[in-house]
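Participant: Got a structure for you, questions after.
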Amino acid sequence: MDFLMKVVVAVVSQDANVSNIQGQLTDRLNLELKGETEVGKANQLWNRLNNGKKNLVILDDVWQELDLKTIGIPITDGNNCCKVVITSRIRGVLEKMHVNRYVPMQVLLEKEAWALFKTKVGNSVDFAELHDIADAICKECGGLPVAILAIGAALKDKKKYVWEDVLDQFKDSMLNNIAGIDPKVYASLKLSYDRLESSDAKSCFLLCCFFPEDANISIEVLARHCIARSLLGQNTNTLIRASRRVLTAVDILKDACLLLEGKDENFVKMHDVIRDVALSIAKDDGKEILVKHGVKKWPEKDTCESSSAMSLRFDNTLELPNDLLCPQLHTLTILLKRNINPLLNIPDRFFSGMEKLTILELNRICMLPPLSLANLVNLRMLWLDYCELGDIAILKDLSNNLEILSLRGSNIEVLPSEIGQLTRLRLLDLGNCKKLTEIPQGVISNLSRLEELYILDEFGYREERSKVNLDELGKLTLINHFTYSHTKCHAIAQGLVL
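Numbering follows the UniProt record's numbering, with no gaps: position 110 of the sequence shown is 110.
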């Protein structure tokens, strides 16, 4: 490869989204395209990639036919400036895109697989008592690096009988049929999950598959979900203890090669093959999880009735159904694409059939909270981030169980006094509420169980804005985290005995 060639990579995934692909490419090319339409971005990308210099575009993990011209990738006869490499599990996708050359990616040769396996488990596999068992287990991994690393991590420093038990499970495994995944690969990854000794790590692993494919998963968000779902074991009765437990679980999953490093230390990622296995495990446990981006209509009735968790991102505004029956649903996330008008009419009876809901996340929604919201008496976490909200006094009806409330980035100007009735609240996030000017006297001090409070504007408040009586914080004996943007107030907060 020419060392002067510019290489840019975009991860496409199952929910192929033109704007997302363009965003990845422009970031890596250091192009500023703020405010541009998809067509405008495509034109600028085309010009940049067709500039007479050598460019290599890698489109990774493609699941459906893509129109490269729509994205802005120049493909013309005789064009030597821009080359494109596409990776896909499905040959038919490549055929539809009329690629010039197919290069099948083979699994590792036995010698290569063994060498990789040894780097993970150590030289103990060369001992006579383990060698034959280790060789058989390595072959069961099907030559796929992600499976070899995961099963190797699970067996490192284990006794012979553990190795024998794993080999027995391989032989007896009831293998699932997952599109694009060899049954042996599934078996090896499932075994890595089964061998986890920490139930908290297992819970975090399955929770990670609820997030979109190739997502950078915030460890903080992961912790909040675990808390709201009561997924953690004993001695996690405070938010800070629960967060530490999640950090420990994440480290265990990284060591087991079941999670990857994210964009920084506060995030993790999950390999798409491992995520498919996690979804399959969840389904076997009776948990139907629906995660779809680029949704244009509400899921079918049967899907709603069987799903225990749904995460949906809509690329357009749509009409939501008035009456829904979701008897198994415990988690619902609805997000609107950033560059569309944040208007979504939520009918009054929309939440009526969701009695088991414990987590509700609405992002960039414009709404007057519907009356049926008061029916969600089991709700423990409510996120209304960057929403255009009407009167939210109705939230007082969630006082029985609500522990985490986020209004981050919303348009509220005055925090309703009724919020003070949410006496089980442990976390209140008012971060980046740029219009917030008043928190009524007594609201904060009445939240006696509050452990974390965020009142932070990432752009910095003007001095006369966001009045909060910091004396009330002294009455909160459990609080351990308080973030406020005003420098004078920050100094006062530091002086509190928390």
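Even glycine gets a Cβ: it sits at the ideal position worked out from N, Cα and C.
(1) List the residues that DSSP assigns as beta-bridge partners of Trp383.
(2) Taking 6 Å as the limit between beta carbons, can you name the residues of its chain near Phe117, skipping five residues before and five after?
(3) Below 8 Å, can you find three or more Cβ-Cβ pairs linking the segment 298 to 313 to the segment 321 to 334?
(4) Can you give the beta carbon distance from Thr358 to Ala228, rounded, assuming they're within the 8 Å contact cut?
(5) Would the beta-carbon of Ala282 be found less than 8 Å away from any heavy atom of the ligand FMN?
(6) Quick one: what's got a C-beta closer than 8 Å to Val99's C-beta in the same chain, skipping five residues either side?
(7) Apart from the five residues on each side of it in sequence, which residues of its chain come closer than 7 Å, Cβ to Cβ, to Lys292?
(8) Could you check whether Ala154 and Val166 sit closer than 9 Å to each other, using their CB atoms as the reference points?
(9) In the structure shown, what three-state DSSP assignment does Thr437 receive?
(10) Alpha helix (DSSP H) containing Asn400: first to last residue?
(11) In the DSSP output, which residue or residues are listed as bridge partners for Ser218?
(12) May I have the straight-line CA-CA distance separating Val8 from Leu395, to the nearest angstrom?
(13) Classify Tyr161 as buried or exposed, calling it buried when 16 or more other Cβ atoms lie within 10 Å of its own Cβ.
(14) Arg380 and Asn401: beta carbons closer than 9 Å?
(15) Determine the extent of the alpha helix (DSSP H) in which Glu95 is found, giving its start and end residues.
(16) Under a Cβ-count criterion, where at least 16 other Cβ atoms within 10 Å of its own Cβ denotes burial, should residue 506 be classed as buried or exposed?
(17) Taking just the CA atoms, how far does Gly143 sit from Leu109?
(18) So, does the segment 50 to 67 touch the segment 86 to 95, judging by three or more C-beta pairs under 8 Å?
(19) In the DSSP output, which residue or residues are listed as bridge partners for Arg313?
(20) Determine, using beta carbons only, whether Gly390 and Leu405 come nearer to each other than 9 Å.
(21) Does the beta-carbon of Glu140 have 16 or more other beta-carbons within 10 angstroms, so that it is buried, or is it exposed?
(22) Give the single residue among Lys190, Asn55, Leu320 whose Cα lies nearest to the Cα of Asp348.
(23) Quick one, are the C-beta atoms of Ile71 and Gln22 less than 9 Å apart?
(24) Are Cys387 and Leu362 touching if we call contact CB-CB under 9 Å?
(25) Can you tell me the Cα-Cα spacing of Lys337 and Ile274, whole angstroms?
(26) Lys6 to Lys54, Cα distance in whole Å?
(27) Which residue wins for smallest C-alpha separation from Arg424, given the options Gln441, Phe205, Leu447?
Facilitator: So, from the listed chains and residues:
(1) On the sequence shown, position 383 is the one that residue 383 refers to. DSSP, once it has assigned bridges, lists Glu361, Ser406 as partnering Trp383.
(2) Indexing the sequence shown from 1 puts residue 117 at position 117. Closer than 6 Å at the Cβ level, and outside the excluded window around Phe117, lie Cys138, Ile148, Gly152.
(3) yes
(4) Taking the sequence shown and counting its residues from 1, the one referred to as residue 358 is at position 358. Taking the sequence shown and counting its residues from 1, the one referred to as residue 228 is at position 228. Thr358 to Ala228, Cβ: 6 Å. Contact.
(5) For the structure depicted, the ligand FMN is absent and the ligand set is empty, with no information on it obtainable.
(6) Position 99 of the sequence shown, counted from the first residue, corresponds to residue 99. The residues are Ile86.
(7) The residue given as residue 292 occupies position 292 in the sequence shown. Excluding positions up to five away in sequence, the list reads Asp15, Leu312.
(8) Here the question's residue 166 lines up with position 166 in the sequence shown. Here the question's residue 154 lines up with position 154 in the sequence shown. Yes, Cβ-Cβ distance for Val166 and Ala154 is below 9 Å.
(9) Start at 1 with the first residue of the sequence shown, and residue 437 comes out as number 437. In the structure shown, Thr437 sits in coil (DSSP, three-state: anything other than H, G, I, E or B).
(10) Reading the sequence shown from its first residue, position 400 is the one you call residue 400. Premise fails: Asn400 is in no alpha helix (DSSP H) and is neither H nor E.
(11) In the sequence shown, the residue the question calls residue 218 occupies position 218. Answer is Phe267.
(12) In the sequence shown, residue 8 corresponds to position 8, counting from 1. In the sequence shown, residue 395 corresponds to position 395, counting from 1. Roughly 47 Å separates the two Cα atoms.
(13) Translated into positions along the sequence shown, residue 161 becomes position 161. Exposed.
(14) As a position in the sequence shown, residue 380 is number 380, starting the count at 1. As a position in the sequence shown, residue 401 is number 401, starting the count at 1. Yes, the Cβ-Cβ distance between Arg380 and Asn401 is below 9 Å.
(15) Here residue 95 refers to the residue found at position 95 of the sequence shown. Run containing Glu95: 91 to 96, per the alpha helix (DSSP H) assignment.
(16) Because residue 506 is not part of the residues shown, which for the chain are 1 to 498, the question remains open.
(17) Sequence index remark: in the sequence shown, residue 109 carries index 109 (1-based). Sequence index remark: in the sequence shown, residue 143 carries index 143 (1-based). Using only the alpha carbons, I get a separation of about 7 Å.
(18) yes
(19) Taking the sequence shown and counting its residues from 1, the one referred to as residue 313 is at position 313. Beta-bridge pairing links Arg313 to His293, Leu335.
(20) Within the sequence shown, numbered from 1, the residue matching residue 390 stands at position 390. Within the sequence shown, numbered from 1, the residue matching residue 405 stands at position 405. In this structure, Leu405 does not lie closer than 9 Å to Gly390 by Cβ.
(21) To locate residue 140, count along the sequence shown from 1; it is residue 140. Buried.
(22) Here residue 348 is taken as the residue at index 348 of the sequence shown, counted from 1. Comparing Cα-Cα distances from Asp348 to each of Lys190, Asn55, Leu320, the minimum goes to Leu320.
(23) Here residue 71 refers to the residue found at position 71 when the sequence shown is read from its first residue. Here residue 22 refers to the residue found at position 22 when the sequence shown is read from its first residue. A contact, by the Cβ cut-off of 9 Å.
(24) Mapped onto the sequence shown, residue 387 falls at position 387. Mapped onto the sequence shown, residue 362 falls at position 362. Cβ distance < 9 Å, so Cys387 and Leu362 count as in contact.
(25) In the sequence shown, the residue the question calls residue 337 occupies position 337. In the sequence shown, the residue the question calls residue 274 occupies position 274. In a straight line, the C-alpha of Lys337 is about 27 Å away from that of Ile274.
(26) Indexing the sequence shown from 1 puts residue 6 at position 6. Indexing the sequence shown from 1 puts residue 54 at position 54. Rounded to the nearest angstrom, the two C-alpha atoms are 6 Å apart.
(27) The count along the sequence shown starts at 1 and reaches residue 424 at position 424. Comparing Cα positions, the closest option is Leu447.
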